[in-house]
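Note that the sequence shown covers residues 712 to 1536 in this note's numbering. Written out below as structure tokens is the structure these notes cover.
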Amino acid sequence: MLLGVRLHSLKRRWPIGIALFLAIPASFLAVVWLSLPDISQLDQRGQTPSTRILDRNGRLLYEVIPRGPHSGRHTPVPLARIPLHLRQATIAVEDANFYANPGVDLIGIARALWINLRGGEALAGGSTITQQVARLMLLDPEERIQRTLLRKLRESLLAWQIAQRYTKDDVLALYLNQAYYGNLAYGVEAAARAYFGKSVSELDLAECALLAGLPQAPARYDPLNHPEAARQRQAVVLDLMVKQGMISPEAALAAKRTRLSIAPAPFSIRAPHFVSYVRNWLERQFGPEAIVRDGLVVTTTLDLALNDAAQAVVRAQIARLASPPDRPGFSHDANNAALVALDPSTGEILAMVGSPDYFDARISGAVNAAVTLRQPGSAIKPITYAAAFARGALTAATPIYDVRTAFPTREGLPYVPVNYDRRHYGPISARQALATSNNTAAVHVLHKIGMDAMLAQAHALGLASLKDKDRYGLALTLGGGEVRLLELTAAYGAFANGGLRVTPHAVIAVSDRHGTLRYHRADHFTHQERALDARVAWLISDILADHQARAPAFGEFSILRLSRPAAAKTGTTTDFRDNWTIGYTPQIVAGVWVGNADGRPMQGISGVSGAGPIWHDFMEIAHRSLPVRWFQRPAGLVRVEVCVPSGLLPTPDCPLRRQEWFIAGSAPTQPDTWHRRVAIDALTGQLAGPDTPPARVVWRIMLDLPAELRDWARAQGWPLLPSSGIARADAALVITQPDPGAIFRLSKALPRAVQRIPVEVRANISEVMHVEVVGANDDVLARFDQPPYRLLWPLQAGEHTLIARAHLRDGRVLQSAPVRFTVLP
């Protein structure tokens, strides 16, 4: 009975509950609806004060004129003047169902509601073009950035209203004329002029696809500061257009391959690449609306006078390279260059020149080459040596063997580095190897410490662009990876300041139109992290400032020598597409890149002749008012005399000695073993024995070198110790050619008789009766009774294995390690 009463009571309440369930959302929707802005105000804009970007001394670099109906970089154009490709690209990437949907994304709203009910945040994304118009043009700036269900609901209701009042073409025109495309460009006409220096009606498919990809993340895809990301985004847009049937796959591929000429229309601006860099930072820090709404005053780190000087130096050198005074009618075919200068103690950017002329479309002048990815050549080598010194893998005196060496690779193919002049220099110290930019030695060092060690050091110094170690081989130490001039210059800053990481920054303070301080660098800068042992940083600086160590390659009085102590390193890629000079004093670190924006090779130019003069002239100007300072040597370094070239302690028989710096505990303790005073039979030139007449015995200092160096030393005429009948511990029977894992291919254009490869054996032991080279099935390919042990083997298709055997007079037989190689048909 009681249960029946309760059921009856519940039945009476159901209509009330249902009414309340419907009334509450309806009331809520009514309140929201009544609070919506009037969509008839779509085209109205209020005036706001301009944002001013200043140099460190208060000089105006650029004034951002606020967007409004009568001013600013915002020129609405009718839809008919906007290329069909740009309209299609925008629809493909922003709202594929634009012409079919009711102006709102019902699935997106449901998703936002579900997330909100679960206590999460109503995430942005997935809005229709109409919803974006509502958000951009009718919601307040503060509300636009909110990620709430209420904002999503208001935006959707406004979009529905817009869809009822305006045609689809009208909505699309509103979007294309109001969307933000980065670099303070609102609408496609302003964007076309900001990036390509022409009207939107003149854009081709490649340009349209690039613009269409910008609104979702203008700072991230900025083609002036992040050209690689912009091209990747362009490819995504083109693929979506293909998916929607708007263009053919062939048209998309052609557009992807089209070289874009980035060239803004000229306007009043100083240090334009730096201003663009700062604007990009402001957008990421405060959002694009703040720049045009809040009347910001931005005090930057730039020294405008110094930047103007840098610009002039860059232009002068590019003009000299285009028409060398000493070579009439010749051109080095180098039309672009960039320079950055930092304070190594703070990371402040003092100068940034991204090209000789920001507005020159022929060289893509608006693209900031100071922040684009380029191969650094040998300019990366100090990172390798710093990692080796830090891990105790070598000292500045350690001899490195610069002889032909085939290094194994992950792919199983041999890698044989060559030096710039294609010569080898035998045993050279790590100091001289780095100072002269020896390639073979640098690869030896990287092979010794491993890729992980070098990349760990690079990341500690701020080289974030070197990411995936699986992409790199040993050529990384010769510049095989890509880095940005700004970040590599900052990495050198750690050598200048004693090992502290340098993080480049461009802004000192930001205040708004009310005078409220919105950002102050001092509040964010606590301390610099240690990236490198101070003693290692000083050793690198001491080597890069050592004119005598550099002299064999560059001369003692090269362009790298300043009127004060300075360290410097050059870099040139093997195909002459890039050359670099980066150097520093304790007060300033500066980096220079020279090349072509399209990657075209230069002619007859290196880092020292292309980028070097820019670095030298800029550094002399930058230091005119600065006191002369030396690199301060930290505690924990000792200076020890060593024997050259062994790097060991001198003995009375050591003819050449020098002083070298060592980290405490790493100095040599073993006496030199390379120089030996021995009795020689003057008649035979061999070691004197018990039966040698005393009159024929002469005492000489001879070199007892490691096996790897003996062939090279013999070719140089060095006085090698005659074989004693006892092999050194590191001696071996080695097949020196072909390289292990080598791949050869038979040529159909040449007679088979001339297609042969050298096979060479090195035997570093006396009492050899004869040497055999053995192939498959133990077949003897050649037999030698005396050196040189060399033959020319006719190529035969297939997989091959060679072994060398040395038959000694005492009956022993030595066998080399096998060498495997392939001959392709």
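For each residue, glycine too, the CB sits at the ideal point set by N, CA and C.
Contact set for residue i: own chain, Cβ-Cβ below 8 Å, skip 5 residues either direction
i, result
"G769", "T1010"
"E1198", "G1173, L1174, A1175, S1176, P1215"
"R995", "A930"
"L1394", "R1407"
"V804", "A923, G924, Q927, V947, V948, L951"
"R1368", "E1352, V1353, C1354, V1355, P1361"
"L1157", "T1095, M1165, L1185, L1187, T1188"
"A807", "L951, Q955"
Selection from the options that minimises the alpha carbon distance to residue i
i, options, result
"I1029", "D1014, R1501, N1018, N1047", "N1047"
"A1308", "G924, R1387, A890, V1082", "V1082"
"E1592", "V1319, E1352, A1301", "Nothing about residue 1592 can be reported from this structure: the residues present for the chain run from 712 to 1536 only."
"D1181", "D1383, G1161, K863", "G1161"
"P1338", "W1326, A1464, T1296, V1353", "T1296"
"P1067", "V804, G1306, R1311", "G1306"
"D1392", "P1401, Q1022, R1407", "R1407"
"D1132", "L887, S1148, I764, A890", "S1148"
"W1410", "P1404, A1248, Q1466, A1399", "A1399"
"L1250", "D1223, A1205, V1221, L1017", "A1205"
"P1449", "V1524, F1287, L1461, R1531", "R1531"
"A982", "R798, L993, L1017", "L1017"
"D1334", "S1320, T1380, S1274", "Per the sequence shown, residue 1334 should be read as His rather than Asp. Residue S1274 is the option with its Cα nearest to H1334."
"A1062", "R1261, I1299, V1247, R1388", "I1299"
"D915", "D1019, L797, S838", "L797"
"R1195", "N1079, L847, V1472, F997", "N1079"
"L1032", "G1315, V1221, M1413, G1428", "G1315"
"R1473", "K1459, R1224, P1433, R1516", "R1516"
Proximity below 9 Å, CB of residue i to CB of residue j
i, j, result
"G1128", "A1153", "Per the sequence presented here, residue 1128 reads as Pro, with Gly not at that position. Their beta carbons are under 9 Å apart, which means P1128 touches A1153 by this criterion."
"N894", "L935", "yes"
"L1444", "Q1526", "yes"
"Y692", "A920", "An answer regarding residue 692 cannot be provided, because it is not within the stretch 712 to 1536 covered by the chain."
"V775", "I1002", "yes"
"A1098", "A1146", "no"
"L1348", "I1454", "no"
"P1469", "R1494", "no"
"A870", "V815", "yes"
C-alpha gap between residue i and residue j, whole angstroms
i, j, result
"P1344", "Q1370", "The sequence as given places Arg at residue 1344; Pro does not occur at that position. The straight-line gap from Cα to Cα measures roughly 16 Å."
"F809", "P789", "19 Å"
"A917", "Y773", "30 Å"
"R1456", "G1522", "40 Å"
"A1256", "G1040", "36 Å"
"W1291", "R1026", "16 Å"
"R792", "L925", "20 Å"
"A1426", "L1506", "28 Å"
"D1054", "V1213", "9 Å"
"R904", "Y892", "11 Å"
"D880", "S912", "17 Å"
"Q1259", "A1108", "15 Å"
"L1084", "Y988", "15 Å"
"I1060", "A1077", "19 Å"
"T762", "R990", "10 Å"
"P1324", "A1279", "12 Å"
"V1389", "A1049", "58 Å"
"F1236", "L1228", "16 Å"
"L964", "G1321", "35 Å"
"P1405", "M1413", "19 Å"
Counterpart residues of residue i in DSSP-defined beta bridges
i, result
"L1061", "Beta-bridge pairing links L1061 to no other residue."
"D816", "Paired residues: none, contrary to the question."
"Q1448", "E1471"
"C1354", "R1368"
"I764", "Y773, V1009"
"E1510", "T1533"
Own chain, CB closer than 7 Å to residue i, minus 5 neighbours either side, in chain order
i, result
"G908", "A974, P975, A976, A1072"
"L1416", "W1385, A1424, L1431"
"T1403", "D1392"
CB contact below 9 Å: residue i versus chain B
i, result
"A1099", "The question asks about chain B, but that chain is absent: this structure has only one protein chain."
Residues near residue i in its chain [Cβ-Cβ closer than 6 Å; skip 5 each side]
i, result
"S1252", "F1206, A1278, F1342"
"G1058", "V1213, T1214, P1215, H1216"
"V1303", "L1050, T1292, A1322, I1325, W1326"
"T1512", "P1529, R1531"
Any non-hydrogen atom of the ligand COA within 8 Å of residue i CB
i, result
"A1052", "This structure lacks the ligand COA, and indeed carries no ligand of any kind."
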